[in-house]
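*Asks:* Below is the structure I would like to discuss, written out as structure tokens.
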Amino acid sequence: MAEAKFLIDGEASKGEQGISSVEWIDDTYFTLFFMGKEFHGEVVASNTEDQKMTIKINHRTFEIKKDRPIDALIREMGLDKKKVRKLHQLKSPMPGRILSFAVEVGDEVTLGSPLLTLEAMKMENVIKAEGEGKVKSITKAKETVVEKGELIIEFE
1 MAEAKFLIDG
11 EASKGEQGIS
21 SVEWIDDTYF
31 TLFFMGKEFH
41 GEVVASNTED
51 QKMTIKINHR
61 TFEIKKDRPI
71 DALIREMGLD
81 KKKVRKLHQL
91 KSPMPGRILS
101 FAVEVGDEVT
111 LGSPLLTLEA
121 MKMENVIKAE
131 GEGKVKSITK
141 AKETVVEKGE
151 LIIEFE
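With this note's numbering, letter number 128 in the sequence shown gets 128, and the count goes up by one each step, no holes.
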């Protein structure tokens, strides 16, 4: 059987390297015996789909990831990259008045880039890109009142 490989804070680690035992108190808290010393730990977050776990041992946080042979194959094939949605148009998410634009025609936008500020119910809402694209046209002007679903920006 192949030796377990783990990434601890992004650095490769093989096997248990000095860990004599782990005693689980419950599903969150544990005691780790390492090189003759006792350490108290806690599972802060767990993502079983990505084989990741964030743990805290003696007030220090570590991210641990089990590195499986299939993970190397997935990386080689380029399938580990997150898909980013290609933008086609931005429609008003709510009725309101356009206060300002953060982009101009020709600008490249990425996920989370501010696009415009929309005033609705006396609140200023910064509308951000939900994908990436290039601004093709802006169909509304500053200070224009828009209804929900009205086209504001088109992307290439």
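Cβ atoms here follow ideal geometry from the backbone N, Cα and C, with glycine treated the same way.
From a predicted model like this one, the values you see are computed outputs, not experimental measurements.
Who are the near neighbours of S157 in its chain, counting only those whose CB is closer than 7 Å to its CB and skipping five residues on each side?
*Replies:* Since the first and last residues shown for the chain are 1 and 156, residue 157 lies out of range.
*Asks:* Below 8 Å, can you find three or more Cβ-Cβ pairs linking the region 94 to 110 to the region 143 to 150?
*Replies:* Enough Cβ pairs lie closer than 8 Å, so yes.
*Asks:* Taking the alpha helix (DSSP H) that A72 falls in, what are its first and last residues?
*Replies:* Start and end: P69 to E76.
*Asks:* What do you reckon, are the CB atoms on T61 and V43 nearer than 8 Å?
*Replies:* It is not a contact, given that the beta carbons lie outside the stated cut-off.
*Asks:* In three-state terms, what does DSSP make of H59?
*Replies:* Residue state, collapsed to three classes: coil.
*Asks:* Report the residue from I55, I153 and D71 whose alpha carbon sits nearest the alpha carbon of K81.
*Replies:* Residue D71 is the option with its Cα nearest to K81.
*Asks:* On a Cα-Cα basis, can you pick out the residue from N47, V22 and T48 that is closest to E38?
*Replies:* Answer by Cα proximity: V22.
*Asks:* Could you tell me which of Q51, L79 and M77 sits nearest to K66, measuring between CA atoms?
*Replies:* For the residues Q51, L79 and M77, the minimum Cα distance to K66 belongs to Q51.
*Asks:* Tell me the residue span of the beta strand (DSSP E) that contains I138.
*Replies:* G133 to I138 is the span of the beta strand (DSSP E), which, as asked, contains I138.
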